[in-house]
Ligand SMILES: [Zn+2]
């Protein structure tokens, strides 16, 4: 097992499927790839998260508040290498209790 503690919020996503998809929580329009790449660059963790504006509805929100599909924003990750079985719900509930925050599962294949 590997523990990733990047010291800032980052987007964890499967590495076998290209760029992650982020969509507008209001109108569901996908953020274009250029904007995704721009907003995934490291930023100062002591400053507010970068803001992206939806090309369809015009709403602006922090990049971390966009809807993710198969990925998750976070500042802590537990990586289970060569783990093919699904994690038990009771284990995930225990992790959420231990972390004090919701836990997301991101499947990554190399
Ligand atoms: Zn929108």
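Residue numbers (our numbering): 217 to 326.
C-beta: ideal position from N, C-alpha, C; glycine also.
Everything numeric in this text was worked out from a predicted model, so none of it was measured.
1. Taking the C-alpha atoms as reference points, what is the distance between residue 224 and residue 291?
2. Taking 7 Å as the cut-off, does the CB of residue 268 come closer than this to any heavy atom belonging to ligand 1?
3. Heavy atom of ligand 1 less than 7 Å from the Cβ of residue 280, yes or no?
4. Measuring straight from C-alpha to C-alpha, what distance separates residue 266 and residue 302?
5. Starting from the C-beta of residue 239, find all residues in its chain whose C-beta is less than 6 Å away, skip the five residues before and the five after it, and write them out in chain order.
6. For residue 320, does the three-state DSSP call read helix, strand or coil?
7. Look at the Cβ atom of residue 319, then the Cβ atom of residue 312, and state whether they are nearer than 8 Å.
8. By Cβ distance, which residues of its chain are closer than 7 Å to residue 294, with the 5 residues on each side in sequence left out?
With the structure as the only source:
1. Whole-angstrom Cα-Cα distance: 5 Å.
2. Incorrect: residue 268 has no Cβ contact closer than 7 Å to ligand 1.
3. Distances taken from the Cβ of residue 280 to the heavy atoms of ligand 1 include none shorter than 7 Å.
4. Answer to the nearest angstrom: the Cα atoms are 33 Å apart.
5. Around residue 239: 246 and 283.
6. DSSP, read as helix, strand or coil, puts residue 320 in coil.
7. Yes, the pair counts as a contact, with Cβ atoms nearer than the cut-off.
8. Non-local beta-carbon contacts of residue 294 in its own chain, meaning distances under 7 Å to residues more than five positions away in sequence, involve 217 and 219 in chain order.
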